[in-house]
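>
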Amino acid sequence: MQAKLIPYLEFENAKEAIDYYQSVFGATNAYRVSPTVDEAERFGLDPAVDLEKMTMRGGFQIMGLDIQCADALMGQPTSSTLISLMLAVDEDDSASVKALDALYQRLIKSDVKVISPFAKQSLGGKMGQIVDAYGITWILSEQSLPAHPSEATTEA
């Protein structure tokens, strides 16, 4: 079976959020699509609203990973600590390690809140945790990754 889990984030203003992730996280391949008149009507949006300022579908990539987003059309978005986004790289892949280290350095120079510094862990690898300007928790992880998830062992 082939499947992907893609984070889908909702914002009060996804257009501004996309700009933020490009500026702070170095996001690439950003895109956004405004709602059509039919979509606006279907979602009960005010007919006087400027649709070009709204985002029906959007997205970007961080370190080559897809993230999709949109305006929260069904109510005010709220942040939660129930879900975190983890960017994990294989500690044996020097290019990925360098990219994650560079991302962390970029983040700490911006407006993120550092929960735990990106540093070596007692069980190996490095890990750090930040919260961005939108209240989203990001975990940066450098660890030994199995080539395929089915190769991972579990301990009970």
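Just so we're aligned: the sequence shown equals residues 5 to 160 in our numbering. Where a beta carbon is used, it is the ideal one built from N, C-alpha and C, also for glycine.
1. How big is the Cα-Cα spacing for alanine 104 and isoleucine 22?
2. Going by DSSP, which residues form a beta bridge with serine 120?
3. Just how far apart, CA to CA, sit leucine 111 and isoleucine 134?
4. How long is the line joining the alpha carbons of serine 148 and tryptophan 142, rounded to whole angstroms?
5. Start and end of the alpha helix (DSSP H) containing phenylalanine 64?
6. Straight-line CA distance for glycine 129 to proline 11?
7. Could you please give the first and the last residue of the uninterrupted beta strand (DSSP E) stretch that includes serine 88?
8. DSSP state of tyrosine 35, grouped into three classes?
9. Please state the DSSP three-state secondary structure of isoleucine 22.
10. Straight-line CA distance for glycine 139 to phenylalanine 122?
11. Between the Cα of alanine 99 and those of Gly68, Leu86, Leu89, Ser114, spot the shortest distance and give me the residue it belongs to.
12. Kindly indicate which three-state DSSP category glutamate 16 falls into: helix, strand or coil?
13. One question on the structure: do serine 145 and leucine 91 come within less than 8 Å of each other, judged by their Cβ atoms?
14. State whether the stretch 38-45 contacts the stretch 56-70, with contact taken as three or more CB pairs (one from each stretch) at a distance under 8 Å.
15. Would valine 118 be called buried (16 or more neighbouring beta carbons within 10 Å of its own) or exposed?
Result, derived from the coordinates:
1. Checking the sequence, you will find leucine at residue 104 rather than alanine. If you take the alpha carbons of leucine 104 and isoleucine 22, they lie about 20 Å apart.
2. Gln133
3. Their Cα atoms are separated by approximately 8 Å.
4. 19 Å
5. Unbroken run through phenylalanine 64 is the beta strand (DSSP E), 61-66; no alpha helix (DSSP H).
6. Each residue's Cα considered, the two are about 24 Å apart.
7. Unbroken beta strand (DSSP E) run through serine 88: 88-94.
8. strand
9. helix
10. 18 Å
11. Gly68
12. coil
13. yes
14. yes
15. exposed
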